[in-house]
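Okay, structure first, notes after.
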Amino acid sequence: MEAGAELNRLRWRCTRRAMLEMDILLGSFLDKHYAGLTPEQAAVFVALADMEDLELWPLITGKRECENSLQAEVVAMLRNVKVK
Amino acid sequence: MSKITIPVRKFDAVIVGAGGAGLRAAIQLSEAGLKTAVLSKVFPTRSHTVAAQGGVSASLGNSEEDHWHWHMYDTVKGSDWLGDQDAIEYMCRKAPEAVVELEHFGMPFDRTDEGKIYQRPFGGHMSNFGEKPVRRACAAADRTGHAMLHALYQRNVRANTQFFVEWMALDLIRDAEGQVLGVIALEMETGDVVAFHAKATIFATGGAGRIYYSSTNAFINTGDGLGMAARAGIALEDMEFWQFHPTGVAGAGVLITEGVRGEGGILRNSDNERFMERYAPNAKDLASRDVVSRAMVTEINEGRGCGPHKDFVLLDITHLDPATIMKRLPGIREISIQFAGIDPIKAPIPVVPTCHYQMGGIPTNYHGQAVNPDGSTIKGFYAAGECACASVHGANRLGTNSLLDLLVFGKSSGDSVIEAINADPKGLKELPADFADRTLARLNRLNTQKGGASVNETRLEMQRTMQKHCGVFRFKDMLVEGVSKICDIEKAVHLTEIGDKSQTWNTARVEALELDNLIEVAKSTMVSAEARKESRGAHVRDDAPDTAANPNGRDDEVWLKHSLWHREGNRLSYKPVNLKPLSVETIALKTRAY
Ligand SMILES: Cc1cc2nc3c(=O)[nH]c(=O)nc-3n(C[C@H](O)[C@H](O)[C@H](O)COP(=O)(O)OP(=O)(O)OC[C@H]3O[C@@H](n4cnc5c(N)ncnc54)[C@H](O)[C@@H]3O)c2cc1C
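Line by line, the protein sequences give chains G and Z.
Throughout the first sequence, residue numbering follows the working numbering, covering 1101 to 1184 in sequence.
Throughout the second sequence, residue numbering follows the working numbering, covering 253 to 846 in sequence.
Below, the structure written as structure tokens:
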């Protein structure tokens, strides 16, 4: 798939989610930070975006522990994204 | 004869939408052996039903005595008597069975010590015809919608339902006699446009809360089913009725649950005044949703809003013990920090009344069959869930009745399809030659448009206009002006321009197509609201105040009727409310007071 199409697919999966909270958070992150991620971080973000909202939200709020330090790094960035 | 053709796939039935309503309908069809296609813009368990936390109502009577007739009474009263009493009786009677069925599908309901489904109290649920609160809401912790969707999805997988994920339905196919013969849909991954030709089409496309600037609804709620129905010449019912939730985070819209005020949260204006004491001296901050929302808007309109633009009020829990907040309201702390940038232990949360639920929609009867203005059925067409108007919610929905609506009418629409297909074993009726023309013209227009409006800006303009002119509290002049503004915005929508013309994953195109649907919903809402010159349920007008002759501003003499908005000619007609239940006596008109 072309890079543009790939990014659009990711955009759809970030902004057409089950919960408004996640639309806002992942959508803002995509706009503001995605382009600056390392390839490894980007892969982790794509995997996070593929998770269901009720699995992802506890990671963001710290209720559930991340699987590894790379995931923790991306989740921390996600948690700190400014949505306002 | 049309020159362009598109691929055609044939099914017994096609369902658009894989939320609670669509999945419940699909179970009926697939288990009956019908070849069923379910289309969804997202993977089924990402549908917005996931967001429902509060629960689903049913008079199981597990914790204390309860009866479907009491549930029915509460629903009629909640609807401010605009709900159809045949449909309401049907839903409330079927509720226990629907919930038990869901349990058998594997729904992990909370349980009592004896192992029965646990039930909790919820606003508006009363025993003995409004006497005292009763525990009627069934829940699975705070993830009721999520658990429900998973249970329904698994059951569908077992029944071999065929899913078309990340497909967007674009238009209904209707022939010259008005019969519905399926839908035309776009596969996002390929950009292919395909016809789904079917004996029956069920719409379960959910709500359209994104017509408002401030909404608790996820971005997916763009009212596609309503847009498609309107373009196919089907009138939309009671579109002026939208439920607003008093406490959405200002700016983001994210919902702050009623529980916060239950735990002692207080609403304050820019003078730091607890203003609800003036509006509802007894219930104060715990008054019903509409009362609190109106009070908030009045404060803002009279210049006592907070912030640089004086456009929100504050929800204060700083006086509560931090330990209580952490224990009883943990999710709320996280939401405020994330979406308002505020730790509610230290500072109050900025909130505004926020659009939450659409009571109106595609007119149906309680069998889930779509109906014409005269009550006759539209052959081949069915609808269920938030996109449909049965009408059980009337002018105002009772909390937890929506999940129930999905289960009951999802199932009844499925049963109606099975019955219709069995009664008419003939094959598929042929597609008209020009069936795809309108849709292809719309797509072609988008591909070739030059010098048009931006989709984002036009959507924003529409959302701001709806919020300002047709919000929780409505004013005559604002509505009149709102109608003309929305008609102008509609012109821009028909001229939107997108930069990306690619085929694969063209999300710009999809968003433009969503806006085509949003504008139909926005226009029908504004026009219906301007025309209804009374206050009822969620529709409250400044020029229809509470008087002795018309308590709460409700005018049954003139306005005890359903609105029907017709896209063609942008006109309204009306039809009577069905006050006749199926088996019991009518629940007589009364002033709605709690
Ligand atoms: C924050 C929040 C909390 C709520 N809490 C409760 C509660 O506690 N109790 C309660 O009873 N109600 C609650 N509600 C209301 C209730 O959740 C919804 O009314 C209900 O879930 C709607 O279900 P649905 O099946 O009609 O639609 P949805 O679940 O919204 O599903 C719509 C489906 O249609 C698909 N779709 C839409 N357009 C197209 C298209 N063009 N092509 C293909 N597919 C399409 C989508 O992909 C999706 O699968 C809540 C609502 C919100 C916003």
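C-beta atoms are modelled at their ideal positions from N, C-alpha and C, and glycine is treated no differently.
At the C-beta level, residue 489 of chain Z and residue 780 of chain Z stay beyond 7 angstroms of one another.
In chain order, 1115, 1116, 1117, 1120, 1123, 1124, 1127 make up the part of chain G whose C-beta sits under 9 angstroms from the C-beta of residue 471 of chain Z. Fewer than three Cβ pairs drawn from the segment 260-273 of chain Z and the segment 1168-1183 of chain G lie within less than 8 angstroms of each other, which leaves the two stretches out of contact. Look at residue 757 of chain Z: its C-beta is under 7 angstroms from a C-beta on chain G. The continuous stretches of beta strand (DSSP E) do not include residue 803 of chain Z, and DSSP gives it neither H nor E.
Where residue 582 of chain Z is concerned, the enclosing alpha helix (DSSP H) starts and stops at 582-591. Separation of residue 540 of chain Z and residue 375 of chain Z (C-alpha to C-alpha, rounded to the nearest whole angstrom) is 8 angstroms. Here the alpha carbons of residue 659 of chain Z and residue 392 of chain Z stand approximately 16 angstroms from one another.
Beta-bridge analysis with DSSP links residue 500 of chain Z to Z:507, Z:604.
Contact between residue 608 of chain Z and residue 331 of chain Z is ruled out by a C-beta separation of about 16 angstroms, above the 8 angstroms threshold. Closest in alpha carbon position to residue 463 of chain Z, among Z:475, Z:567, Z:513, is Z:475. Residue pairing by DSSP places residue 633 of chain Z opposite Z:453 in a beta bridge. Proximity of residue 403 of chain Z to chain G, defined by a Cβ-Cβ separation below 7 angstroms, is not satisfied.
Comparing C-alpha distances from residue 320 of chain Z to each of Z:272, Z:576, Z:382 shows the shortest one belongs to Z:382.
Partner residues in the beta bridge of residue 448 of chain Z, as assigned by DSSP, are Z:261, Z:435. Remark: the C-beta of residue 440 of chain Z is outside contact range of ligand 1, defined as less than 6 angstroms to any heavy atom. When the Cα atoms are used, residue 385 of chain Z and residue 536 of chain Z turn out to be separated by approximately 18 angstroms. Contact annotation, residue 395 of chain Z with residue 1118 of chain G: C-beta distance approximately 11 angstroms; criterion of less than 8 angstroms not satisfied. The beta carbon of residue 497 of chain Z sits no closer than 7 angstroms to any beta carbon of chain G.
Judged by DSSP in its simplified three-state form, residue 390 of chain Z adopts strand. For the 7 angstroms CB-CB criterion, residue 288 of chain Z and residue 413 of chain Z form a contact. Cβ neighbours of residue 426 of chain Z within its own chain (closer than 6 angstroms, five residues either side excluded): 432, 484. In summary, residue 418 of chain Z is buried, with 16 or more beta-carbon neighbours lying within 10 Å of its beta-carbon over all protein chains present.
Here the distance from the Cβ of residue 420 of chain Z to the nearest heavy atom of ligand 1 is below 6 angstroms. When Z:497, Z:522, Z:524 are compared, the shortest CA-CA separation from residue 511 of chain Z is found for Z:497. Taking the C-beta atoms as reference points, residue 519 of chain Z is found nearer than 7 angstroms to residue 567 of chain Z.
Contact note: residue 1101 of chain G reaches chain Z through 756, using a C-beta cutoff of 7 angstroms and chain order. A contact between stretches requires three or more CB pairs, one per stretch, nearer than 8 angstroms, and the segment 436-450 of chain Z meets this requirement with the segment 745-762 of chain Z. Set against 6 angstroms, the gap from the CB of residue 293 of chain Z to the closest heavy atom of ligand 1 is smaller. Residue 648 of chain Z has its alpha-carbon roughly 7 angstroms from the corresponding atom of residue 611 of chain Z. Taking 7 angstroms as the cut-off between beta carbons, the residues of the segment 1147-1180 of chain G near chain Z are 1152, 1153, 1154, 1161, in sequence order. A distance criterion of 6 angstroms places the beta-carbon of residue 271 of chain Z in contact range of ligand 1, judged by its closest non-hydrogen atom.
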